[in-house]
Each structure stands twice: as C-alpha cells, then as structure tokens.
Amino acid sequence: MSATSSMRAVLPPDIRARKGQLPLVVLTAYTTPGARLVDGHCDIALVGDSVGMVLHGMPSTLGVTMEMMIMHGRAVVKGLSKAMAVIDMPFGSYEESPQQAFRNASRLMAETGAPAVKLEGGVHMAETIAFLTKRGVPVMAHIGLTPQAVNTLGGYKVVGRDDEAASVMTDALAVEAAGAFSVVLEKVPMGLAGQVTQALSIPTIGIGAGVDCDGQVLVLDDMLGLFTDFRPKFVKRYAELGALADQAIADYAAEVRTRSFPAAEHSFVDVLKGKQS
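The sequence shown: position 175 = 175 (my numbering), numbered continuously.
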C-alpha cells in the first residue's frame with residue numbers, strides 16, 4: 001500500500017470549516033515543481049493569473065488566457081497530494097454572463113482537475129457566484145483591490161479607506177450570501193479587514209489586509225525573492241533565491257570559460273580496448 005494512499009486532499013468544505021480556526025496558509029503555484037514545494041506546507045495552492053506577470057513577463061494580468069490557466073492548472077494539480085488547487089478565472093472569461101462563467105469554470109475544472117475556481121468582484125458578481133455554486137462549481141471570491149480591474153481603479157491602490165469602507169463590507173456580505181466558500185481581501189486596511197472577518201461566516205484570506213484575516217496568501221516568487229521587478233509593501237521576503245541563483249549562474253559561467261567545469265568527476269572515461277561490447 002502506498003504511504004500516501006490514506007491521504008485526502010483538502011476540499012472547499014474543509015476550507016469553509018476552518019473559519020476562526022488555525023489560519024489558512026495559501027501560496028501561488030504555477031508549475032509542478034512549485035506545487036510540490038507548496039503542497040507540504042499549505043492548505044491551498046492558488047493557480048493565480050499573476051502567472052502572466054511572474055512567468056510570462058506581462059505588464060498586468062489582463063493578457064492571461066484560458067489556455068494559459070489550463071496549462072498551468074494541469075501542471076499544479078499534478079504536483080499536489082494534500083493542498084487544494086484553486087484556479088483563477090482569467091479576465092474576460094466570466095464577466096459577460098453567469099452562463100459564460102459556468103462554461104469556462106466547468107472547463108477549467110474538467111481540464112485541470114482543480115476542485116474550485118476564484119473570480120474577482122463583489123456585489124456585481126454575486127449573481128454569477130450564485131449561478132456557479134448552485135451548479136456544482138465552488139467559488140473563492142476576491143474583493144478589495146481586484147487586479148483585473150486595475151484600469152478602472154486607477155492603479156494598484158488600497159481599497160476601503162474612508163467612504164469606500166462600506167462598499168467593501170457590502171461586497172463581502174454579497175459574495176458570502178451568493179455561496180462563496182471563502183473570500184480574498186486584497187489591499188484592504190487592516191481595521192476594515194478585521195471587521196469584515198468578524199462579520200462573515202466564511203474565511204477571509206488576506207493579502208495586504210493585516211493579521212486579523214482567517215488566512216494569508218502571497219505570490220510564491222515574491223516571498224522567495226525570485227520575482228524582483230517590483231515589491232509590494234505587503235510582501236515579506238523569506239529568502240533571496242533570485243540573488244542566490246544569479247551567483248550560481250555566474251559561478252557556472254566562470255567555470256565553463258576557464259575550463260574548470262566539467263571536471264573529471266563529471267565526465268565519463270573512454271571504453272578500454274577489449275572491453276567494448
């Protein structure tokens with residue numbers, strides 16, 4: 001019997017049941033090796049549309065396609081045995097109508113094996129979230145700063161200060177009522193995020209929203225120091241792997257140019273005469 005055969009992957013009801021319990025640990029993952037790293041430590045591996053910026057050099061998430069999310073989603077699911085995969089619905093794949101959202105969400109789940117999707121938006125997406133959840137599609141909501149709406153919002157700014165606070169709370173209550181099993185709060189003032197967390201019966205997962213949320217999410221490449229184009233205030237670097245990789249590549253290049261690599265231990269001896277087969 002396999003040593004892991006008794007393990008059961010985390011599912012949306014398990015996440016919902018964690019409300020107010022041990023904080024949820026969430027990191028993004030875009031590849032099978034990345035998923036394997038995340039799997040041993042996290043509750044959720046988020047296949048984020050941030051992949052467009054992190055791995056594909058895009059200026060925003062707006063150019064990410066369904067095909068890209070399916071490709072990366074498949075790779076991540078292959079690397080997980082415990083953590084739950086949640087896959088982002090890309091811009092333009094769900095906003096038109098609940099029916100469009102269902103077609104694309106069901107495709108994402110069927111073609112990747114992910115048990116849940118995430119989509120951005122509050123009150124204006126509540127009808128879509130309800131349509132999906134009633135048809136067997138678990139939905140993680142995302143409110144506050146919604147990166148797919150960056151052009152409308154006027155940049156990657158904090159959302160929920162002053163007269164915006166009531167709107168954020170309204171969005172949170174709307175996605176909960178629509179059936180979302182959890183909600184990401186991005187770049188929301190910490191006091192407001194705490195109030196939202198107290199008001200909801202579903203877990204809140206913060207990114208730039210303070211410590212009082214029911215869990216936290218970061219982009220894996222941000223917290224490992226691999227993505228260095230910019231660094232949001234809410235990112236804590238737990239390692240500087242980008243700098244280590246740069247030094248390792250520089251060392252390799254120097255050894256190749258001085259012919260100190262490959263050394264004898266990295267090479268194969270010639271076959272001796274009479275020993276050939």
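Quick reminder that beta carbons are idealized off the backbone N, C-alpha and C, glycines included.
Measure how close the beta-carbons of residue i and residue j come, nearest whole angstrom, since I'm counting them as under 8 Å.
i, j, result
"Val-150", "Ser-60", "6 Å"
"Ile-278", "Ile-44", "As displayed, the chain neither begins before 1 nor continues past 277, which places residue 278 out of reach and without an answer."
"Phe-102", "Phe-131", "6 Å"
Among the options, whose alpha-carbon lies nearest the alpha-carbon of residue i?
i, options, result
"Asp-212", "Ala-199, Asp-221 and Val-219", "Ala-199"
"Gly-191", "Val-183, Gly-208 and Ile-202", "Gly-208"
"Met-89", "Ala-263, Glu-67, Lys-19 and Val-271", "Glu-67"
"Ala-178", "Pro-98, Gln-21 and Ala-85", "Pro-98"
"Asn-104", "Val-137, Leu-55 and Leu-224", "Val-137"
"His-41", "Ala-243, Met-84, Lys-134 and Glu-120", "Met-84"
"Pro-12", "Tyr-94, Gly-48, Arg-107 and Thr-133", "Thr-133"
"Gly-162", "Glu-127, Leu-62 and Val-188", "Per the sequence shown, residue 162 should be read as Asp rather than Gly. Residue Val-188 is the option with its Cα nearest to Asp-162."
"Gln-21", "Phe-91, Leu-224 and Thr-197", "Thr-197"
"Tyr-94", "Thr-258, Val-158 and Glu-120", "Glu-120"
"Leu-108", "Ser-260, Ala-250 and Thr-65", "Thr-65"
Could you pull out every residue in the same chain whose Cβ sits closer than 7 Å to the Cβ of residue i, ignoring the five residues on either side in sequence?
i, result
"Lys-82", "Met-7, Ala-9, Val-10 and Asp-39"
"Leu-220", "Leu-27, Thr-28, Ala-29, Gly-34 and Val-38"
"Ile-202", "Arg-16, Lys-19, Glu-176, Ala-180, Phe-181, Ser-182 and Val-183"
"Ala-165", "Leu-192"
"Gly-63", "Gly-52"
Which residues mark the beginning and the end of the beta strand (DSSP E) in which residue i is found?
i, result
"Glu-120", "116-120"
"Leu-218", "215-218"
"Asp-88", "84-88"
"His-142", "139-144"
"Gly-206", "204-207"
"Ala-45", "44-47"
For residue i, I'd like the list of residues in its chain whose CB is within less than 8 Å of its CB, leaving aside the five on either flank, ordered along the chain.
i, result
"Ser-5", "Here the model assigns Ser-5 a pLDDT of 41, short of 50, so the residue's position is not dependable and the matter cannot be decided."
Under DSSP, the alpha helix (DSSP H) around residue i begins and ends at which residues?
i, result
"Thr-258", "Looking at the DSSP string, Thr-258 is not in any alpha helix (DSSP H), and its letter there is neither H nor E."
"Val-54", "51-54"
"Ala-126", "126-133"
"Gly-20", "Looking at the DSSP string, Gly-20 is not in any alpha helix (DSSP H), and its letter there is neither H nor E."
Report the rounded CA-to-CA distance for residue i versus residue j, giving the unit in angstroms.
i, j, result
"Tyr-252", "Thr-228", "22 Å"
"Gly-215", "Val-256", "46 Å"
"Glu-96", "Ala-254", "54 Å"
"Met-69", "Gly-57", "15 Å"
"Pro-232", "Ala-110", "34 Å"
"Val-269", "Ala-263", "12 Å"
"Ala-3", "Met-169", "Per-residue confidence for Ala-3 stands at a pLDDT of 44, beneath the threshold of 50, marking its modelled position as unreliable; no derived number is given."
"Ala-116", "Leu-145", "21 Å"
"Thr-204", "Leu-185", "7 Å"
"Val-47", "Met-140", "12 Å"
"Ala-248", "Glu-240", "13 Å"
"Tyr-156", "Gln-195", "22 Å"
Apart from the five residues just before and just after residue i, which ones in its own chain have a Cβ nearer than 6 Å to its Cβ?
i, result
"Gly-79", "Thr-32, Ala-35 and Arg-36"
"Val-279", "The chain is shown from 1 up to 277; residue 279 falls before or after that span and cannot be answered."
"Asp-171", "Gly-122, Val-123 and Ile-143"
"Gly-113", "Val-77"
"Val-235", "Asp-222"
"Met-1", "Residue placement at Met-1 is flagged as unreliable, the pLDDT there being 37, under the threshold of 50; the coordinate-derived value follows with that caveat. For Met-1, where only same-chain residues beyond five positions count, there are no Cβ hits under 6 Å."
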